[in-house]
Amino acid sequence: PWINKALEKAQKKVEARNFDIRKNLLKYDDVSNDQRKVVFEQRIELMDGEGLSETIAEMREGVIDEIVAKAIPENAYAKERAERFGPEVMNYVERSVVLQTLDHLWREHIVNLDHLRSVVGFRGYAQRDPLQEYKGEAFELFQAMLGNLRQAVTAQLMRVELVRQAAEAPPPEAPDMFGTHIDGTTGENDFEGGETALLVRPETTAIVAPEDRDPNNQATWGKVGRNEACPCGSGKKYKHCH
Numbered sequence: 001p002w003i004n005k006a007l008e009k010a011q012k013k014v015e016a017r018n019f020d021i022r023k024n025l026l027k028y029d030d031v032s033n034d035q036r037k038v039v040f041e042q043r044i045e046l047m048d049g050e051g052l053s054e055t056i057a058e059m060r061e062g063v064i065d066e067i068v069a070k071a072i073p074e075n076a077y078a079k080e081r082a083e084r085f086g087p088e089v090m091n092y093v094e095r096s097v098v099l100q101t102l103d104h105l106w107r108e109h110i111v112n113l114d115h116l117r118s119v120v121g122f123r124g125y126a127q128r129d130p131l132q133e134y135k136g137e138a139f140e141l142f143q144a145m146l147g148n149l150r151q152a153v154t155a156q157l158m159r160v161e162l163v164r165q166a167a168e169a170p171p172p173e174a175p176d177m178f179g180t181h182i183d184g185t186t187g188e189n190d191f192e193g194g195e196t197a198l199l200v201r202p203e204t205t206a207i208v209a210p211e212d213r214d215p216n217n218q219a220t221w222g223k224v225g226r227n228e229a230c231p232c233g234s235g236k237k238y239k240h241c242h
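Residues in the sequence shown are numbered from 1 upward in steps of one, following our numbering.
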């Protein structure tokens, strides 16, 4: 009797433990069952649907969106940059990136062709035409170079950082210049206003083409040579007219 009771207690403990295990397993099964329901519902929809083109297109777009979001940083889309920096800046950046990348890949391609030419001659020992082998593999290398060009240009333009430079401060104005000129006969200062008089600032007058000068507006004449015809139309030299 004692042995029977001991076995009975042990059996109850084992059964209770197994029950707890099954109970926990059911909780794990609940998770997979929820996911199984979703999959089965989608499977039924796919089986009942007439065409899957729209569904496949949505899957494809979703994958592309995920790849783009991971590979391209924020504010790197071409349209946003063009609106921010203007078409002229973007045109310069795009041209620079494409030309630099093309030159780099083309130099690598020439090296690869030279290497191919140096080894393709051994194909003749295998009863193959070295020239035809060279043409075929050279074409494959060229196609690969074009593919690398597309990928490299796209990646660089998506990752390049454009920064507006702060406007440079204008150069400081030249200081006012003063001077004196003593007449040798009178001993007096020729400049009015005492011993020192304000002279003009350094010459900054621009040279204007004759056809752009207005005879009636001296402000449009710019810098005129002393021996040039006066822009006013008098026919005299500038030094004798103005």
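The beta-carbon is built from N, C-alpha and C at its ideal position, and this holds for glycine as well.
Hey, could you find the ends of the alpha helix (DSSP H) residue i is sitting in?
| i | result |
| --- | --- |
| G124 | No alpha helix (DSSP H) contains G124, which DSSP labels as neither H nor E. |
| E54 | 53-71 |
| D114 | 87-120 |
| C241 | 238-241 |
Near residue i, what residues of its chain come up, given a Cβ to Cβ distance below 7 Å and the 5 sequence neighbours on each side ignored?
| i | result |
| --- | --- |
| N24 | none |
| A138 | L113, L116 |
| L102 | L149 |
What is the rounded straight-line gap between the Cα of residue i and the Cα of residue j?
| i | j | result |
| --- | --- | --- |
| K135 | R84 | 46 Å |
| Q127 | L116 | 18 Å |
| D129 | E140 | 17 Å |
| A69 | S32 | 30 Å |
| S118 | H109 | 14 Å |
| N148 | E50 | 40 Å |
| H104 | M145 | 10 Å |
| T204 | G225 | Bear in mind that the predicted position of T204 carries a pLDDT of just 47, short of 50, making it too unreliable to give a figure here. |
| L21 | E15 | Rather than Leu, the amino acid found at residue 21 in this sequence is Ile. Approximately 10 Å between the Cα atoms of the pair. |
| L10 | F19 | Here the sequence assigns Ala to residue 10, which means Leu is not the residue at that position. Those two C-alpha atoms are separated by around 14 Å. |
| N17 | Q35 | One point to set straight first is that residue 17 is Arg, not Asn, in the sequence displayed. Looking at the two C-alpha atoms, the distance is approximately 28 Å. |
| I44 | R60 | 21 Å |
| E54 | I67 | 20 Å |
| M47 | V38 | 14 Å |
| E133 | Q151 | 27 Å |
| L131 | Q143 | 18 Å |
| W106 | Y125 | 31 Å |
| P244 | E88 | No answer is possible for residue 244: the residues shown for the chain start at 1 and end at 242. |
| A155 | A57 | 25 Å |
| V120 | V111 | 14 Å |
Write down the C-beta distance between residue i and residue j rounded to the nearest angstrom, noting that I regard them as a contact closer than 8 Å.
| i | j | result |
| --- | --- | --- |
| G98 | V160 | Per the sequence shown, the amino acid found at residue 98 is Val instead of Gly. Not quite, the Cβ-Cβ distance comes to about 12 Å (not below 8 Å), so this is no contact. |
| K236 | N227 | 11 Å between Cβ atoms; not a contact. |
Short of 6 Å in beta carbon distance, which residues of its chain neighbour residue i, apart from the five on each side in sequence? Order them along the chain.
| i | result |
| --- | --- |
| Y28 | none |
| F122 | none |
Give every residue of the same chain whose Cβ lies closer than 8 Å to the Cβ of residue i, excluding the five residues on either side of it in the sequence, and list them in chain order.
| i | result |
| --- | --- |
| C241 | C230, C232, S234 |
| L157 | A78, V93, E94, V97 |
| R213 | T220, W221, G222, P231 |
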